[in-house]
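Undergrad: Residue numbers (my numbering), protein chains in the order written: chain A, 1 to 111; chain B, 1 to 114. Even for Gly, the Cβ is constructed at its ideal location relative to N, Cα and C. Have a look at this one.
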Amino acid sequence: GDSVTQMEGPVTLSEEAFLTINCTYTATGYPSLFWYVQYPGEGLQLLLKATKADDKGSNKGFEATYRKETTSFHLEKGSVQVSDSAVYFCALSGEGFKTIFGAGTRLFVKA
Amino acid sequence: NAGVTQTPKFQVLKTGQSMTLQCAQDMNHEYMSWYRQDPGMGLRLIHYSVGAGITDQGEVPNGYNVSRSTTEDFPLRLLSAAPSQTSVYFCASSYSRTDSYEQYFGPGTRLTVT
């Protein structure tokens, strides 16, 4: 069945460092891909998405490109801030609305 | 719009007790889901609904029941609580679009079963 694998955390960075969180997926067909973010004590919220190969999703300085040839959707940000500290989930939806989530990667950003 | 609301925010149960977690959305979304979040395991789908009167099982349905009598409400019932059901529970709603299904999440219910 469909699955999502993302890098284990926690990831600890200093402010203004470059961020990459790796995500790879297994799916039949052409799924939509998502990154969700969960701030402490809150529910998940959509950060960005891409619906077809070579699409780039972007929001709040974060970017991810849908790479079908490598089945990847890595999350990147050029300069992280303390306020980016959160848990990040990679996810896919294949047939229908059911969404498969990765295990989540916790990011700590130090001032 | 309140979005997706969940009550209660926190709950402690004793083994064997039953309870209902409430979820409501005011966005007229067709699809609603219940997930549980456990450390290192991401979110796992418990039950979902594709419209009023239609529900189905997800990945981890055992010990839980749902119903969907209206578009707005999707309660989750724990029949006989067990310590293994200690978790954070999230309700989410979604609507059909031509290209993707974005999930809108509630704030969660933290449940402890002793």
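Any contact of the stretch 12-23 of chain A with the stretch 71-88 of chain A, i.e. 3+ C-beta pairs under 8 Å?
TA: yes
Undergrad: Just tell me which of A:Val87, A:Val11, A:Glu16 and A:Ala91 has its CA closest to the CA of glycine 102 of chain A.
TA: As a position in the first sequence, residue 102 of chain A is number 102, starting the count at 1. Nearest of A:Val87, A:Val11, A:Glu16 and A:Ala91 to glycine 102 of chain A, Cα basis: A:Ala91.
Undergrad: When you compare the CB of lysine 98 of chain A with every CB in chain B, is at least one pair closer than 9 Å?
TA: Counting from one through the first sequence, the residue named residue 98 of chain A turns up at place 98. With 9 Å as the cut-off, lysine 98 of chain A counts as an interface residue toward chain B.
Undergrad: Which residue's Cα is closest to the Cα of serine 18 of chain B: B:Asp56, B:Met41, B:Gly42 and B:Gly63?
TA: The count along the second sequence starts at 1 and reaches residue 18 of chain B at position 18. For serine 18 of chain B, the closest C-alpha among the options B:Asp56, B:Met41, B:Gly42 and B:Gly63 is that of B:Gly63.
Undergrad: On a Cα-Cα basis, can you pick out the residue from A:Arg106, A:Gln45 and A:Ala111 that is closest to methionine 7 of chain A?
TA: Your numbering for residue 7 of chain A matches position 7 in the first sequence. Among A:Arg106, A:Gln45 and A:Ala111, the Cα nearest to that of methionine 7 of chain A is on A:Arg106.
Undergrad: Is tyrosine 39 of chain A buried or exposed, if buried means 16 or more other CB atoms sit within 10 Å of its CB?
TA: Stepping through the first sequence from its first residue, residue 39 of chain A is reached at position 39. When all chains shown are included, tyrosine 39 of chain A counts as exposed.
Undergrad: In angstroms, rounded to a whole number, what distance separates the CA positions of threonine 20 of chain B and glycine 57 of chain A?
TA: Start at 1 with the first residue of the second sequence, and residue 20 of chain B comes out as number 20. Start at 1 with the first residue of the first sequence, and residue 57 of chain A comes out as number 57. Cα to Cα, the separation comes out at about 38 Å.
Undergrad: Based on Cα-Cα distance, which residue from B:Trp34, B:Pro39, B:Val50 and B:Arg44 lies nearest to leucine 3 of chain A?
TA: Walking along the first sequence from the start, residue 3 of chain A turns up at place 3. What sits at residue 3 of chain A in the sequence shown is serine, not leucine. Taking only the C-alpha atoms, the option nearest serine 3 of chain A is B:Arg44.
Undergrad: Can you have a look at leucine 79 of chain B and say buried or exposed, based on whether 16 or more other CB atoms are within 10 angstroms of its CB?
TA: In the second sequence, the residue the question calls residue 79 of chain B occupies position 79. Exposed: under 16 other Cβ atoms inside 10 Å.
Undergrad: Just the C-alpha distance for threonine 7 of chain B and glutamine 22 of chain B, rounded to the nearest angstrom, thanks.
TA: Mapped onto the second sequence, residue 7 of chain B falls at position 7. Mapped onto the second sequence, residue 22 of chain B falls at position 22. If you take the alpha carbons of threonine 7 of chain B and glutamine 22 of chain B, they lie about 5 Å apart.
Undergrad: Hey, out of B:Tyr95, B:Gly3, B:Tyr101 and B:Val88, whose CA is closest to tryptophan 34 of chain B's CA?
TA: As a working note, residue 34 of chain B is residue 34 in the second sequence. The shortest C-alpha separation from tryptophan 34 of chain B is found at B:Val88.
Undergrad: Using a 10 Å radius around the Cβ and a threshold of 16 neighbouring Cβ atoms, would you call tyrosine 25 of chain A buried or exposed?
TA: Counting from one through the first sequence, the residue named residue 25 of chain A turns up at place 25. The residue in question, tyrosine 25 of chain A, is buried, as its Cβ has 16 or more Cβ neighbours within 10 Å.
Undergrad: Beta carbon of cysteine 91 of chain B, beta carbon of glutamine 25 of chain B: below 9 Å?
TA: The residue given as residue 91 of chain B occupies position 91 in the second sequence. The residue given as residue 25 of chain B occupies position 25 in the second sequence. Contact: yes.
Undergrad: Looking at chain B, is there any beta carbon in it that lies within less than 9 Å of the beta carbon of glutamate 76 of chain A?
TA: Taking the first sequence and counting its residues from 1, one reaches residue 76 of chain A at position 76. Not one chain B Cβ lies under 9 Å of glutamate 76 of chain A.
Undergrad: Quick check on serine 87 of chain B - is its C-beta less than 9 Å from some C-beta in chain A?
TA: On the second sequence, residue 87 of chain B is found 87 positions in, with the first residue counted as 1. Output row for serine 87 of chain B: interface = no.
Undergrad: Report the rounded CA-to-CA distance for glutamate 69 of chain A versus threonine 28 of chain A, giving the unit in angstroms.
TA: In the first sequence, counting from the first residue as 1, residue 69 of chain A sits at position 69. In the first sequence, counting from the first residue as 1, residue 28 of chain A sits at position 28. Each residue's alpha carbon lies about 13 Å from the other.
Undergrad: Could you please give me the residues that DSSP links to glutamate 63 of chain A through a beta bridge?
TA: Working through the first sequence from its first residue, we reach residue 63 of chain A at position 63. Glutamate 63 of chain A is bridged to A:Ser58 and A:Glu76.
Undergrad: Here's a check: name, in chain order, each residue in its chain whose Cβ is nearer than 8 Å to the Cβ of threonine 55 of chain B, leaving out the five neighbours to either side.
TA: Here residue 55 of chain B refers to the residue found at position 55 of the second sequence. Once the five neighbours on either side are set aside, the close Cβ partners of threonine 55 of chain B are His47, Tyr48, Ser49, Val66, Ser67 and Arg68.
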